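Using the UniProt record's numbering, read the sequence shown as starting at 1 and increasing by one per residue. So the structure is just underneath, and the comments pick up after that.
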Amino acid sequence: MLRIGVLGLSHDHVWDNLNQLVHLGGAQIVAAADGRSELRERVRDHGCELVLESAEQLLDDVRVDAVYIYSDNRHSAELAVMAAERGIDVMVEKPMAADLEGALRMQAAARSAGTLLMVNWPFFWWPSLQHALKLVAEGFIGTPFQVTYRAAHAGPAEAGCSPAFVEWLSDPHKNGAGALMDYCSYGAALTCLLLGLPARVTAVSGRLRKADLDAEDNAVLLMEHQGAISQSTASWTQIGHLTSYIPVFYGDEGTLLVERDGVRLATRQHQDGLRVEVPKPAADLSSSAAFFTAHIRSRDPIEGLCSAETGVATQHVLEAGLLSSRRRCAVQLPLPADSAVLD
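Structure below.
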């Protein structure tokens, strides 16, 4: 039985991921740490009896095989490094960290310790997206020249996020930015996975509607590769769900449109697109818990969208996007060592 600890409970994605772990079997939540008493009480409902205020105390005093990290983005980097230094595998929620420097520290610590570092992207567990990525890799749309993705809702509070989650999402220091960090990260990750690190990034962001917000509520990120241009859009002010959460992959021979419940493929012969049958995922691709625990047991390296390598590339793009937005110019990648965005 794998022993899993939880560091931080303020990220609302934690609860679904813990439910998946509880129902998976073969693993148990043995301890959780968070400074908020109401969150410590809530985690008891997921079968966790040992709750602590200090993450360091959990890591030092409780035997765990791995940890889930669900704190704010800034603190995630510190916690991941602490865990790796103690030889403990880590799953951290996207985008990985609040900035590139934190992501690089996490990656270096895991490499030095020989531990696993998984970045969880919630949409990767859609069978439709997994199958679409497989089709792209197998050449069904030819050579990709564009990835587009828009993530949008009316705002964290309006979308029903908890007060603890809203508090740090709205804090540019704890989050790393605002909507750009939260929601442009998805399209950036898909682009880096399929096309590699862009050569140049251009971003425009602004506080368009939420005057009391300390961060941007809308952002558009353009990523340039040789022979490819991709776009990731984020909004915390959109009414309704139209156009949101639909990855599209464009290639020389076809276009793939991905929705949560299916995939459509357009080709020269079928211009309006045909529904593609989506197979049931393999057991270890059915959820974050299944994937992470399978890798803990096998010790196989984590590759693909959830790898630290893709996570670090994504942080390069996000940091370049923040720099571009502030400087109002395109930013070349990779970034020089002294280019960090300052609060």
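Heads up, the beta-carbon is just placed ideally off N, CA and C, and yes, glycines get one too. None of these values were measured; they are calculated from a predicted model.
Checklist entry - Based on the DSSP output, what are the partners of T202 in its beta bridges? => result Answer is L222.
Checklist entry - Would a C-beta distance cut-off of 7 angstroms place A308 and Q107 closer than the cut-off? => result The Cβ-Cβ distance between A308 and Q107 falls below 7 angstroms.
Item to check | Alpha carbon of P198 to alpha carbon of M181, nearest angstrom | outcome: Cα to Cα, P198 sits roughly 17 angstroms from M181.
Item to check | Residues sharing a beta bridge with R275, DSSP | outcome: DSSP lists R264 as the beta-bridge partner residues of R275.
Checklist entry - Helix, strand or coil: which one does DSSP assign to G5? => result Here G5 sits in strand by DSSP.
Item to check | Alpha-carbon spacing of P122 relative to P144, whole angstroms | outcome: If you take the alpha carbons of P122 and P144, they lie about 23 angstroms apart.
Checklist entry - Looking at C-alpha atoms only, which residue of Q130, S324, V166 and R105 is the closest neighbour of P279? => result With distances taken between CA atoms, P279 lies nearest to Q130 out of Q130, S324, V166 and R105.
Checklist entry - So G304 packs on L193, CB below 8 angstroms; how close in whole Å? => result About 7 angstroms; that satisfies the 8 angstroms criterion.
Item to check | Closest Cα partner of Q269 within the set I141, R260 and W125 | outcome: Nearest option by C-alpha distance: I141.
Checklist entry - Quick one: what's A66 bridged to in DSSP? => result Looking at the DSSP assignment, A66 forms a beta bridge with I4 and D89.
Checklist entry - Say the cut is 6 angstroms; is the CB of I141 nearer than that to a heavy atom of the ligand SAM? => result Summarising the ligand content, the structure contains no ligands, and the ligand SAM is consequently not present.
Item to check | Sequence-distant residues of its chain with Cβ nearer than 7 angstroms to D284 (five each side left out) | outcome: Result list for D284: A290, F291 and A294, in chain order.
Item to check | Three or more C-beta pairs below 8 angstroms linking the segment 98 to 105 and the segment 59 to 79 | outcome: Touching, yes, given that three or more Cβ pairs across the two stretches are closer than 8 angstroms.
Checklist entry - Around the C-beta of M1, are 16 or more other C-beta atoms found within 10 angstroms, so that it is buried, or is it exposed? => result Of the other Cβ atoms in all chains shown, fewer than 16 fall within 10 Å of the Cβ of M1; this residue is therefore exposed.
Item to check | Pairwise C-alpha distance: G240 and D217 | outcome: Counting only the Cα atoms, G240 lies some 16 angstroms from D217.
Checklist entry - Quick one, are the C-beta atoms of residue 350 and F124 less than 7 angstroms apart? => result The shown model of the chain, from 1 to 343, leaves out residue 350, and the question about it has no answer.
Item to check | chain C within 7 angstroms of R275, Cβ atoms only | outcome: The chain inventory of the structure shown lacks chain C, comprising one protein chain alone.
Checklist entry - Would you call the CB atoms of L242 and G254 closer than 7 angstroms? => result If you check the CB distance, L242 and G254 do not come in under 7 angstroms.
Item to check | Residues near L274 by beta carbon distance below 7 angstroms, same chain, minus five either side | outcome: Counting only Cβ-Cβ distances below 7 angstroms, and skipping sequence neighbours, we find R264 and L265.
Next on the checklist: What does the Cβ neighbour count give for D89, buried or exposed, with the cut at 16 atoms within 10 Å?
Outcome noted: By the 10 Å Cβ count, D89 comes out buried.
Checklist entry - Can you check whether the CB of A66 is closer than 7 angstroms to the CB of I296? => result Yes.
Checklist entry - Between the Cα of A211 and the Cα atoms of G155, V22, A188 and I246, which residue gives the shortest distance? => result If we check each option's Cα against that of A211, G155 comes out closest.
Checklist entry - Based on Cα-Cα distance, which residue from E41, L257 and D261 lies nearest to Q271? => result Here the closest residue by C-alpha is L257.
Checklist entry - Would you call N19 buried or exposed, if buried means 16 or more other Cβ atoms sit within 10 Å of its Cβ? => result Answer is exposed; the Cβ neighbour count stays below 16.
Item to check | Residues that P301 bridges to, as DSSP identifies them | outcome: Beta-bridge pairing links P301 to no other residue.
Checklist entry - Straight-line CA distance for D57 to H173? => result Here residue 57 turns out to be Gln, not Asp, going by the sequence shown. Q57 and H173 have their C-alpha atoms some 25 angstroms from each other.
Checklist entry - Who does I229 pair with in a DSSP beta bridge? => result Among the bridge pairs identified by DSSP, I229 is matched with E224.
Item to check | S165 - containing alpha helix (DSSP H), residue span | outcome: Note on residue identity: the sequence assigns Phe, not Ser, to residue 165. Run containing F165: P163 to L169, per the alpha helix (DSSP H) assignment.
Checklist entry - Of the residues G87, R63, Q238 and H23, which one's Cα is nearest the Cα of A113? => result A113 has its Cα closest to that of G87, out of G87, R63, Q238 and H23.
Checklist entry - Looking at the structure shown, is G251 part of a helix, part of a strand, or coil, going by DSSP? => result The answer is strand: DSSP assigns G251 an E or B state.
Checklist entry - Is it right to say Q332 is buried, meaning 16 or more other beta carbons lie within 10 angstroms of its own, or is it exposed? => result Under this definition Q332 is an exposed residue.
Checklist entry - Under three-state DSSP, which class holds M96? => result In this structure, M96 counts as coil in the three-state DSSP scheme.
Next on the checklist: Using a 10 Å radius around the Cβ and a threshold of 16 neighbouring Cβ atoms, would you call C184 buried or exposed?
Outcome noted: It is buried - the Cβ of C184 has at least 16 other Cβ atoms within 10 Å.
Checklist entry - Relative to the C-alpha of K134, which residue among L190, E158 and Y186 is closest? => result Cα-wise, what sits closest to K134 is L190.
Checklist entry - Buried or exposed: which applies to G178, given that a residue is buried once 16 or more other Cβ atoms fall within 10 Å of its Cβ? => result By the neighbour-count rule (16 or more Cβ atoms within 10 Å), G178 is buried.
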